[in-house]
Every structure is written in structure tokens, then in C-alpha cells.
Amino acid sequence: MKTKLSILLLLCCFLNVSVFGQEKTKKELRAERDLQQQKETEALIDSKKFDFEAQKVNPQGGRVIILNSNNYLLNFRPDKTTCDLPFFGRAYNVAFGGDGGIKFEGIPEDIKIEKKKKNYILRATVKGKDDVYNLLFTIFNNGNTTLTVNSNNKASISYDGLIRAPKEEENK
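Numbered per mature numbering (1 follows the signal peptide of the UniProt record, and there is no 0), the sequence shown spans residues -21 to -1, 1 to 151.
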């Protein structure tokens, strides 16, 4: 009886050791995945070519608005940046017939990148057709991003979303 109990106890010890070994492997895999995401994010920032996809809007003095569509993008390129984001808030001076969103196309100027411990800060100024937009990206290592847009004609607004590699543009 004692030998059966000893064998059973020994068997339980081996099973516990193998379970703990698997947990360590999961942690290692998660760390490797996080490191890979960090490298991809860093490469996007260094190239200054990425797409920002807005998922939430944080208007001044308002509630967070969750965007159900993935059509709200800011395509950041050093030679031409285009933006099509919704706007909720106070507008001070809007062109007649304007659609009310933040839509512009222009060449970013004064691009500054600052590396912090867990994130990057990217600042740029884009002169659109009717306004000047100051963009402030707070980009975390996993690609999550907060974009704050300040302009002369509209109240400040921020967006939460992700950055990703630019989609290949179709040949026209």
C-alpha cells in the first residue's frame, strides 16, 4: 500500500512540474510576441509611413464615442498626409458647405519623434486647404495610439486607435 501511495505521489509531482513548464513557455511566447510588436511599431515610426485607424473619439467636454466603421483613417507619409476623421465639438470658422469632419491633404512639416520608456511621441504640422493642423501621436509599443488634433478653426479633439503598415496602393 505504501509503495502505491509513493508511486502516486511521485506521479503527481511529475505532472505538476510539466504544468509549470508550460506556463513558463506561455510567458516566453507572450514576451516574444510583445517584442515582435515593438519592433514592428518602431519600424513604422522610423519609416514615417503608417496608417492610423481611429476606433474611438474623445471630443472636448463630451463622452467617448466608439466608431463602428474602420473607414476613419489618417495616412501619414513624409511626402503627403491625408486625413478623413469625424469631428464632434465646437467649430469656430468653417468653410461654407463644409462637411464638418477633419479632412485634409498636405505635406507634414516639423516632424519630431521623441522616444519614451513605453511609447513614442510624434509631432507634425500639416497645412490643409483651409486650415493648419497640429498632430500629436502618442504611440505605444503594441501599436495602440492616441492622436490629438489641434487646428485654428476647430476645438481640439483626440482619437484612440492603432497604427499599422500602409496598405499597398493600387496602380492607377
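A virtual CB, placed ideally from N, CA and C, is assigned to each residue, including glycine.
Residue nearest to residue i in terms of C-alpha spacing, selected from the options
i	options	result
residue 123	133, -19, 81, 19	19
residue 119	129, 104, 24	24
residue 135	66, 86, 60	66
residue 60	94, 8, 90	90
residue 71	41, 125, 130, 44	130
residue 44	64, 28, 26, 56	64
residue 33	41, 99, 98, 62	62
Buried versus exposed call for residue i [16 or more other C-beta atoms within 10 Å across all chains shown]
i	result
residue 140	buried
residue 133	buried
residue 151	Legend: pLDDT at residue 151 = 37, less than 50; position of this residue unreliable, value from coordinates given subsequently. Per the 10 Å Cβ criterion, exposed.
residue 105	buried
Strand pairing of residue i, partner residues [DSSP]
i	result
residue 143	30
residue 53	31, 62
residue 115	102, 127
residue 95	DSSP, once it has assigned bridges, lists no residue as partnering residue 95.
residue 36	44, 138
residue 81	64
residue 133	70
DSSP state of residue i mapped onto helix, strand, coil
i	result
residue 69	coil
residue 63	strand
residue 86	coil
residue 149	For residue 149, the predicted structure reports a pLDDT of 40, less than 50, and the residue's modelled location is therefore unreliable. The matter cannot be settled from this model.
residue -15	helix
> Counting Cβ pairs closer than 8 Å, one from the segment 102 to 121 and one from the segment 36 to 50, do we hit at least three?
Replying inline: no
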